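*Asks:*
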Amino acid sequence: MIVPKPLRYEPRPGRFVIDRETALTADPVLGPVAAWLRGELAPVTGGELLPSSGPGPAIRLALGDGLPPEGYRLTVDPGGVTLDGGSAAGAFYGAQTLRQLLPPHALRRSGTGEALELPAVHVADEPRFAWRGAILDVARHFMTKADVLRFIDLMALHKLNVLHLHLTDDQGWRIEIKRYPRLTEIGSWREESQVGWMGEMDGRPHGGFYTQDDLREIVAYAARRHISVVPEIDLPGHTQSAIAAYPELGNVDTPLGVGTTWGVGSNVLNVEDATITFFKNVFDEVLELFPSPYVCVGGDECPKDQWRASPSAQRRIAELGLRDEDELQSWFIHQFDAYLAERGRRLVGWDEILEGGLAPGAVVAAWRADVGAVAAARAGHDVINCSNTAVYLDYRQSPLEDEPLPFRTVLTLEDVYAFEPVPAELRGDPAAGRVLGAQCGIWTELIDSTRHVDYMAFPRLAAFAETVWSGPERDLADFRRRLEAHLPRLDAIGVEYRRESGPLPWQRRPGVPGRPEEPAEWQATLDRWTANLRNPR
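Going by my numbering, the first residue of the sequence shown is number 30, and it counts up by one from there.
1) Secondary structure at H235, three-state DSSP: helix, strand or coil?
2) Could you check the C-alpha separation between E301 and I362 for me, to the nearest Å?
3) Just grab the DSSP bridge partners of H193 for me.
4) Are the CB atoms of P332 and S295 nearer to each other than 8 Å?
5) Since R169 is in the beta strand (DSSP E), which residue starts that stretch and which ends it?
6) Residues in its own chain within less than 6 Å of A135 by CB, not counting five upstream and five downstream?
7) Using beta-carbon positions only, say whether T173 and S270 come within less than 8 Å of one another.
8) If we count Cβ pairs, one from each stretch, closer than 8 Å, do we get three or more for the segment 148-159 versus the segment 36-47?
9) In this structure, does DSSP put H515 in helix, strand or coil?
10) Less than 8 Å between the C-beta atoms of D399 and P459, yes or no?
11) Could you give the distance in angstroms between the alpha-carbon of I164 and the alpha-carbon of R49?
12) Starting from P98, follow the alpha helix (DSSP H) in both directions and report where the run begins and ends.
13) Taking contact to mean at least 3 C-beta pairs separated by less than 8 Å, is the segment 95-104 in contact with the segment 63-70?
14) Looking at the unbroken alpha helix (DSSP H) that takes in Y275, where does it start and where does it end?
15) Suppose you measure from the CA of W535 to the CA of S478; what does that come to, to the nearest Å?
16) So the candidates are L78, P210 and G201; which of them puts its Cα closest to the Cα of S14?
17) Counting Cβ pairs, one atom from each stretch, are 3 or more of them under 8 Å apart for the segment 397-414 and the segment 470-486?
18) Can you look up T438 in the DSSP assignment and give me helix, strand or coil?
19) Let me check one thing: in DSSP terms, what residues is M230 bridge-paired to?
20) State yes or no: is the C-beta of E314 within less than 8 Å of the C-beta of R208?
21) Taking DSSP as the reference, what is the three-state secondary structure of T104?
22) Quick check on G60: buried or exposed, where buried means 16 or more other Cβ atoms within 10 Å of its Cβ?
23) Using 10 angstroms around the beta-carbon of A391, count the other beta-carbons present and answer buried if the total reaches 16, otherwise exposed.
24) For L278, which residues from the same chain have a beta carbon less than 8 Å from its beta carbon, with the 5 sequence-adjacent residues on both sides left out?
25) Please state if the CB of I181 and the CB of Y21 are separated by a distance shorter than 8 Å.
26) Could you name the residues that DSSP lists as bridge partners for V393?
27) Could you round the C-beta distance between I256 and V191 to whole angstroms and report it? I think they count as a contact, below 8 Å.
28) Using three-state DSSP, classify G115 as helix, strand or coil.
29) Return the CA-CA distance between L429 and G114, expressed in angstroms with no decimal places.
30) Candidates D444, R41 and E356: which alpha carbon is nearest G386's?
31) By the three-class DSSP mapping on this structure, what secondary structure does A467 have?
32) Please report the distance separating the alpha-carbon of G543 from that of D444.
33) Would you kindly work out how many angstroms separate the C-alpha atoms of M30 and E495, rounded to a whole number?
34) Taking the alpha-carbon positions, what's the F45 to D380 distance?
35) Tell me the rounded alpha-carbon separation between S116 and P97.
36) Could you name the residues of the same chain whose beta carbon sits closer than 7 Å to that of G328, not counting the 5 residues immediately before and after it, in chain order?
If you want it as C-alpha cells, here you go:
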C-alpha cells in the first residue's frame with residue numbers, strides 16, 4: 030500500500046522483524062542514507078541499529094548495478110532487508126518505501142522499544158519525471174524555519190525532490206540580504222492583511238524573514254533528503270515590498286508601504302541600470318545560499334501601466350529599438366538570464382517570459398493551463414508544468430460552503446489525481462521530452478497557518494506525487510485503496526489533512542467571499558496572453 034505507486038510491487042510470504050539485534054550496514058557512499066534511516070528507526074526500537082559485518086539479521090544498503098540514479102530495488106524476506114539504490118538518492122527513496130511498509134505508528138519516531146514487523150516483498154521502482162516539486166509561498170504568509178523543515182520531511186515521504194521557495198512578493202520580503210538591510214527591516218512586515226480574496230482587513234501586523242543562516246540550514250536539511258531548494262526572487266512585478274524599502278526602485282514618487290491586499294499589484298520595478306544592478310547584487314547573495322542549478326526570477330503578472338507613463342521606460346524602449354512594453358519586459362528578463370548563465374545557473378520564469386521573446390536558455394514554469402507548456406516545449410525550451418487548472422492546491426477541495434476561506438474554483442482530490450504533466454497536445458511529439466516534470470502550488474494568500482497548509486495540501490499532495498513519480502496510467506480506485514492505508518501515516522505524524530467529511534471544527538469560519546472563478550477582466554487578460562503565445566512575434 031505504497032504512495033506513490035511503485036513501478037513493480039510483489040508481495041511474498043513471510044516477514045522480517047526489526048529489533049535491537051538488527052544491524053544496519055551500508056556502502057560508504059550511502060552512509061548519510063543509513064544515518065538518516067537509523068535516526069528514524071532508533072527512537073521506535075529503543076536502540077541504535079549498529080553496523081555489523083556478521084551473518085545475522087540486517088538491513089543492507091548498497092549501490093546497485095544497472096539502476097537509474099533515482100531508482101532502487103528493495104527486497105524484504107525473513108532473513109533481512111536488501112536495498113539497492115542507483116545512487117544515494119535512489120537508496121533514500123527506497124528507504125522511504127521501507128518506512129511505508131512499517132506500521133503507521135513507526136513514523137512517529139517515538140516508542141517503547143518494541144519490535145517492528147516488515148512484510149516480505151520485492152519492489153523495483155524509479156520515477157517517471159526528474160522534476161517533482163512543490164511551490165511553498167512564504168511571502169504572502171510567513172512560515173517559520175521549523176515549519177519549512179517539517180514540510181520538507183512531508184515532501185520527502187512522498188518522494189518529491191524540488192522545493193520551489195517563493196521568497197518575495199508585494200506583501201513581504203523574506204530573505205536577508207546583507208547589502209540591503211531595509212529589504213527585511215521594512216519589506217518583511219506589512220501593517221495588516223486582507224481576509225479572503227475580497228474580504229476586509231484584519232488589522233494585524235504580519236511578517237518575518239529568514240536569516241542567511243536559516244536558509245543555509247533549510248538548504249542543507251533538504252539536501253540530506255535529496256530535495257533541491259529553488260529560490261524565487263520576483264521581478265519586475267510583484268515587487269512592492271522591495272520598492273517600499275528602497276523607493277528608488279519604483280516608478281512613482283508617492284511613498285509605498287508593503288502590500289496588504291491580494292491580486293496583481295500595479296507597482297513594478299523601473300528599468301534603470303541602477304535597479305538592474307541592485308537586483309544583480311541581491312542575486313549575488315542568493316546564489317551563495319542556494320546551490321541549485323535553477324533560480325526563479327518570476328516574470329509573471331507585470332502590469333505595464335507605469336512603464337507606459339514613465340518617460341524613463343519610454344526612453345529605454347526607444348534606445349533599444351523595442352516595439353512595446355512586452356519587449357521591454359523581455360529585455361529586462363534577458364539581463365538576468367545572461368547574469369545567471371555566466372555563473373553556471375539556469376533561469377526559471379513563469380510563462381509570461383514567453384511574451385516579447387523568450388530568454389535564451391530559460392526554463393518555463395507553465396502555469397496558465399497547458400498553453401505556455403506547449404508553446405515553450407515546441408520552441409525548444411525545458412518546461413515545468415505548474416498548471417493552475419490542475420495542481421494549484423490553494424483552490425477549494427469541494428463545492429461545500431464550509432470550505433475555509435476558499436477560492437470558488439474547485440479542485441478535488443480526483444482532479445489532482447487525473448493530472449497529466451505532459452499536455453495532450455505534446456503526446457507523440459518529440460517536444461514532449463522537454464517536460465522536465467511538474468510542481469504543485471501552495472500559494473498562501475488565503476492560507477495563514479501551518480495547520481491550514483496541512484489542510485489544503487493533504488491528501489491532494491499525495492495524489493500529485495503519484496502523477497510525477499508513477500507511470501501515466503491512472504487507477505483511481507486503486508489509489509483510493511492505497512490512500513486509505515496512507516492516511517494513518519499522516520495521522521501518526523500529526524498532519525491535519527482534509528477528511529472526506531469536510532473541514533475540521535476549528536477550520537469552519539464565517540463565510541467570506543472567495544475570488545470569482547473567472548472575473549471578466551481576468552478572462553480578458555487570459556485571452557490576450559493565450560493569443561500572444563499562440564501567435565509569437
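The beta-carbon is built from N, C-alpha and C at its ideal position, and this holds for glycine as well. Predicted model only: the values in this text are computed from it and were never measured.
*Replies:* The relevant details are as follows:
1) The answer is strand: DSSP assigns H235 an E or B state.
2) Between the C-alpha atoms of E301 and I362 there is a straight-line separation of about 13 Å.
3) The partner list for H193 (beta bridge, DSSP) reads I164 and V259.
4) Going by C-beta atoms, P332 is nearer than 8 Å to S295.
5) Looking at the DSSP string, R169 is not in any beta strand (DSSP E), and its letter there is neither H nor E.
6) If we look at A135 and ignore the five residues flanking it on each side, its Cβ neighbours are V73 and L145.
7) No.
8) At 8 Å Cβ cutoff, the stretches touch.
9) Three-state DSSP puts H515 in a helix.
10) No. Outside cutoff.
11) Rounded to whole angstroms, I164 to R49 spans 40 Å at the Cα level.
12) Looking at the DSSP string, P98 is not in any alpha helix (DSSP H), and its letter there is neither H nor E.
13) Touching, no.
14) For Y275, there is no enclosing alpha helix (DSSP H), as DSSP marks it with neither H nor E.
15) Here W535 scores only 36 on pLDDT, less than 50, and its place in the model should not be relied on; the value that follows carries that caveat. The alpha-carbon atoms of W535 and S478 are separated by roughly 12 Å.
16) This structure cannot settle anything about residue 14, because the visible part of the chain is limited to 30 through 566.
17) Flag = no, the segment 397-414 and the segment 470-486 do not touch.
18) If DSSP states are grouped into helix, strand and coil, T438 belongs with the strands.
19) According to DSSP, residue pairing for M230 in a beta bridge involves Q223.
20) In this structure, E314 places its C-beta atom within 8 Å of the C-beta atom of R208.
21) Three-state result, T104: strand.
22) Here G60 is exposed, its C-beta having fewer than 16 other C-beta atoms within 10 Å.
23) Taking all protein chains in view, the Cβ of A391 is crowded by 16 or more other Cβ atoms within 10 Å, so the residue is classified as buried.
24) Correct list, in chain order: T268, A271, I272, L298, N299, T304 and F307.
25) It is not possible to answer for residue 21, since the shown part of the chain is limited to 30 through 566.
26) Looking at the DSSP assignment, V393 forms a beta bridge with G378 and V412.
27) About 7 Å separates the two Cβ atoms, so the contact holds.
28) Assigned with DSSP and collapsed to three states, G115 falls in coil, not helix or strand.
29) Roughly 45 Å separates the two Cα atoms.
30) The alpha carbon of G386 has as its nearest neighbour, out of D444, R41 and E356, the alpha carbon of E356.
31) In the structure shown, A467 falls within a strand segment according to DSSP collapsed to helix, strand and coil.
32) Low local confidence applies: a pLDDT of 35 at G543 is under 50, so the model's placement there is unreliable, with the coordinate-based value given in what follows. Straight-line spacing of the CA atoms in G543 and D444 works out to 20 Å.
33) Take the alpha-carbon of M30 and the one of E495: they are about 13 Å apart.
34) When rounded, the distance between both Cα atoms is 50 Å.
35) About 8 Å.
36) For G328, the CB contacts under 7 Å within the same chain, skipping 5 residues up- and downstream, are I362, G378, W379, E381 and I382 in chain order.
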